[in-house]
Amino acid sequence: MSSPAVTPDAELKDVELNEMDTEKQPMNASSPLAGSPGSGEKNGVVFLKVEEEEEEDRAALAKFTGLSKEELLEVASTPAWVRARWALLILFWLGWLGMLAGAIVIIVQAPRCKDLPKQAWWQKGGLYRIQPVDGFQDSDADGQGDLTGLKQRMDYISSLKVKGLVIGPLHINPKDDQNRTNLQEVDPSFGTLEDFREILQAAKKKSLKVVLDLTPNYQSEYPWFNQSIHLNVALQDKMKEAIEFWLKEGVSGIQLGSVEEFEGTQILSDWKNLTEQYNVDDHGRVLIAVTQRQDAQGILALLNQTVSVDVLTSDYLAGVAEATEDGSQGNAIASLINSYIREAKWAGWSVARPSVGELADSMGEQLLRLYHMLLYTLPGTPFTDYGDEIGLRDLPGKPAASSVPRMQWDDSANFGFSKAAQQPSSEPASNVTVQLQSGNKDSVLTFFQQLSELRGKERSLLHGEYFMTHSSSPSVFAYLRVWDQNKRFLVVLNFASQETTVSITHPDLPPDMTVELSTNPSREKQQLALQNLKLGPSEGLMLSFIYVA
Numbered sequence: 020m021s022s023p024a025v026t027p028d029a030e031l032k033d034v035e036l037n038e039m040d041t042e043k044q045p046m047n048a049s050s051p052l053a054g055s056p057g058s059g060e061k062n063g064v065v066f067l068k069v070e071e072e073e074e075e076d077r078a079a080l081a082k083f084t085g086l087s088k089e090e091l092l093e094v095a096s097t098p099a100w101v102r103a104r105w106a107l108l109i110l111f112w113l114g115w116l117g118m119l120a121g122a123i124v125i126i127v128q129a130p131r132c133k134d135l136p137k138q139a140w141w142q143k144g145g146l147y148r149i150q151p152v153d154g155f156q157d158s159d160a161d162g163q164g165d166l167t168g169l170k171q172r173m174d175y176i177s178s179l180k181v182k183g184l185v186i187g188p189l190h191i192n193p194k195d196d197q198n199r200t201n202l203q204e205v206d207p208s209f210g211t212l213e214d215f216r217e218i219l220q221a222a223k224k225k226s227l228k229v230v231l232d233l234t235p236n237y238q239s240e241y242p243w244f245n246q247s248i249h250l251n252v253a254l255q256d257k258m259k260e261a262i263e264f265w266l267k268e269g270v271s272g273i274q275l276g277s278v279e280e281f282e283g284t285q286i287l288s289d290w291k292n293l294t295e296q297y298n299v300d301d302h303g304r305v306l307i308a309v310t311q312r313q314d315a316q317g318i319l320a321l322l323n324q325t326v327s328v329d330v331l332t333s334d335y336l337a338g339v340a341e342a343t344e345d346g347s348q349g350n351a352i353a354s355l356i357n358s359y360i361r362e363a364k365w366a367g368w369s370v371a372r373p374s375v376g377e378l379a380d381s382m383g384e385q386l387l388r389l390y391h392m393l394l395y396t397l398p399g400t401p402f403t404d405y406g407d408e409i410g411l412r413d414l415p416g417k418p419a420a421s422s423v424p425r426m427q428w429d430d431s432a433n434f435g436f437s438k439a440a441q442q443p444s445s446e447p448a449s450n451v452t453v454q455l456q457s458g459n460k461d462s463v464l465t466f467f468q469q470l471s472e473l474r475g476k477e478r479s480l481l482h483g484e485y486f487m488t489h490s491s492s493p494s495v496f497a498y499l500r501v502w503d504q505n506k507r508f509l510v511v512l513n514f515a516s517q518e519t520t521v522s523i524t525h526p527d528l529p530p531d532m533t534v535e536l537s538t539n540p541s542r543e544k545q546q547l548a549l550q551n552l553k554l555g556p557s558e559g560l561m562l563s564f565i566y567v568a
């Protein structure tokens, strides 16, 4: 009988182990392989991986186990490795010192930013004048605006992005009666002292300041009564007490009208000292003076005599506030502004002409936008009368009938001003209400809000230097506002009532600029060349460019 076949695994070898006594093992010479016939009893079979284990042993012996600690120390101390380590160490420190030196050179040679000048709150944006309060908002249906109505519109005032509001006068003032004039008591037709305190609180929540007009005889054509103020000691004492009273109540400033009456006196200086005594941290108290003078030379002379006040406002620009066909007043306005900036400690700008009527009637909507752009891009504080931000029109009849123009809020009865019986009102264009202009990107209101926001946040408009630029057209007034390395602005204003082509030159100007804002909304964000620049009738452009070292 043949022997059984060997298992197919070539790497395994069968070994038969017999744990029987030697004498019990078969003595025949037959095959001892497991499973062979006649092989007798067997105790088990073990499979050994002989060849694989031998290969693993050989591979283990061939593996490199690295240098021992002693061998490593011996090699590390050889001259070659010592030199290599020193070379790498020197290269590392040379590289580190080179980077440090480079950083120092960059810091030293980089243009340094200017320190921001300290500014009072009234220098950081526009002021919104609600004068008189009678025409702003009626809350009790008596046909007259009041303090409660003003408080109801505080959200709207905040949306204008102005820094404060000027209100009043509010005190009791029987016409031309100095004895019965009470500068410390609110006229009941406007509300109560508590109503005024609520105005202060509501304004504070909106980060708005409140300036109170304290012109004593505001009901009369003689604001300081018939007697010269420097001879009227009783009135001086009454004014001093009133200023202190209202400053203690929390107003952020006092406004006084017809200050030409104070020429040659120290009275304004004394009152300015009062306001300074109530300055607390950043809550500075402003003293604003208003003059009725309209001749430029007289106003410039008054600037030098009222240096104690913080801001002087006037109708300085009103004489050239109308467009002409050739725009010749462009040069005239440039001359007036340059003279004013040279003389004023801090300029106050407005174009109000109460004796003529509302701005929109005297100049039209397009020129109104132009003047908004002018006032809010010049160095100084712009003043805006309520209604001018929407193009409010005059009441019917002569300008005298417009002495108390009523604000137009919506298209309801009395345009939302009052719930009283129908009041005399203007007949405006369909969009001259706050409701219809809000959210309309092409409206006068939206344009005003954009301007006011830029005036309050762009450093070149807040702190920037003012430079005249050369214009090839007499109808175009152009100037540059620059602050350090911040975005810069070129303002180009066409005072002609027809299209004008102009070239603007200045050493600091690039050839092309971006339209930041325009009185014509369709041109915004365009790239325009400063050579042969086309301007529409009464168009203003606010162009911007980035500082390049």
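Each residue of the sequence shown is one higher than the last, beginning at 20 in the working numbering.
C-beta atoms are modelled at their ideal positions from N, C-alpha and C, and glycine is treated no differently.
- Excluding sequence positions up to five before and after M173, its CB lies within less than 7 Å of the CB of A221, A222, K225, all in the same chain and listed in chain order.
- For R474, the uninterrupted alpha helix (DSSP H) run begins and ends at 463–476, by DSSP.
- Measuring C-alpha to C-alpha distances from Y297 to each of G272, Q316, L287 identifies G272 as the nearest.
- Around the C-beta of P530, fewer than 16 other C-beta atoms lie within 10 Å, and the residue is accordingly described as exposed.
- Where A515 is concerned, there is no enclosing beta strand (DSSP E), because DSSP gives it neither an H nor an E.
- Residue range 183–186 is occupied by the beta strand (DSSP E) that includes G183.
- Scanning its chain for C-beta atoms nearer than 7 Å, with the 5 sequence neighbours on each side dropped, one finds around S158 the residues D165, T167, G168, Q171, in chain order.
- In the DSSP assignment, I565 forms no beta bridge with any residue.
- Linking A363 to P556 through their CA atoms gives a straight-line distance of about 31 Å.
- Under the DSSP definition of a beta bridge, K553 partners with T520.
- Minimum Cα-Cα distance from Q274 among the listed residues I186, L397, A103 corresponds to I186.
- For D157, there is no enclosing beta strand (DSSP E), since its DSSP letter is neither H nor E.
- Its Cα nearest to that of V463, the residue L386 stands out among L386, R131, L113.
- Contiguous beta strand (DSSP E) elements confined to the region 87–123 do not occur, taking only those with 3 or more residues.
- I356 places its beta carbon less than 8 Å from that of L397.
- G121 counts as exposed, since fewer than 16 other C-beta atoms from the protein chains shown sit within 10 angstroms of its C-beta.
- Considering only L560, L549, T520, L528, the residue with the shortest C-alpha distance to S537 is L560.
- It is roughly 31 Å from the alpha-carbon of A568 to the alpha-carbon of L113.
- About 6 Å separates the Cβ atoms of I286 and I248, confirming a contact at the 8 Å cut-off.
- As the crow flies, the alpha-carbon of P130 is around 18 Å from that of P136.
- Counting along the chain, the unbroken alpha helix (DSSP H) around L266 starts and ends at 252–268.
- Counted as a single uninterrupted DSSP element, the alpha helix (DSSP H) harbouring S358 occupies residues 348–362.
- Across the set Q203, P207, H190, L86, the C-alpha of P207 shows the shortest separation from the C-alpha of D161.
- Per DSSP, the beta-bridge partners of W368 are P401.
- Excluding its 5 nearest sequence neighbours in each direction, D527 has C-beta neighbours in its own chain below 8 Å: F486, L499, V501, R507, listed in chain order.
- Between the region 466–475 and the region 177–191 there are three or more C-beta pairs closer than 8 Å, enough to call the two in contact.
- In the DSSP assignment, M532 is bridged to L547.
- For M426, the secondary structure class from DSSP, reduced to helix, strand or coil, is coil.
- For D214, there is no enclosing beta strand (DSSP E); the residue is part of the alpha helix (DSSP H) that begins and ends at 212–224.
- Cβ-Cβ separation between F467 and I352: approximately 20 Å, too far for a contact (criterion under 8 Å).
- Boundaries of the alpha helix (DSSP H) around T396: 384–396.
- The alpha carbon of K228 has as its nearest neighbour, out of P151, W141, V278, the alpha carbon of W141.
- Shown here, Q142 sits in a helix according to DSSP, grouped into three states.
- Separation of G117 and G303 (C-alpha to C-alpha, rounded to the nearest whole angstrom) is 51 Å.
- Just so you know, the alpha carbons of Q316 and Q255 end up roughly 28 Å apart.
- Using a Cβ distance threshold of 8 Å, L470 and M392 count as a contacting pair.
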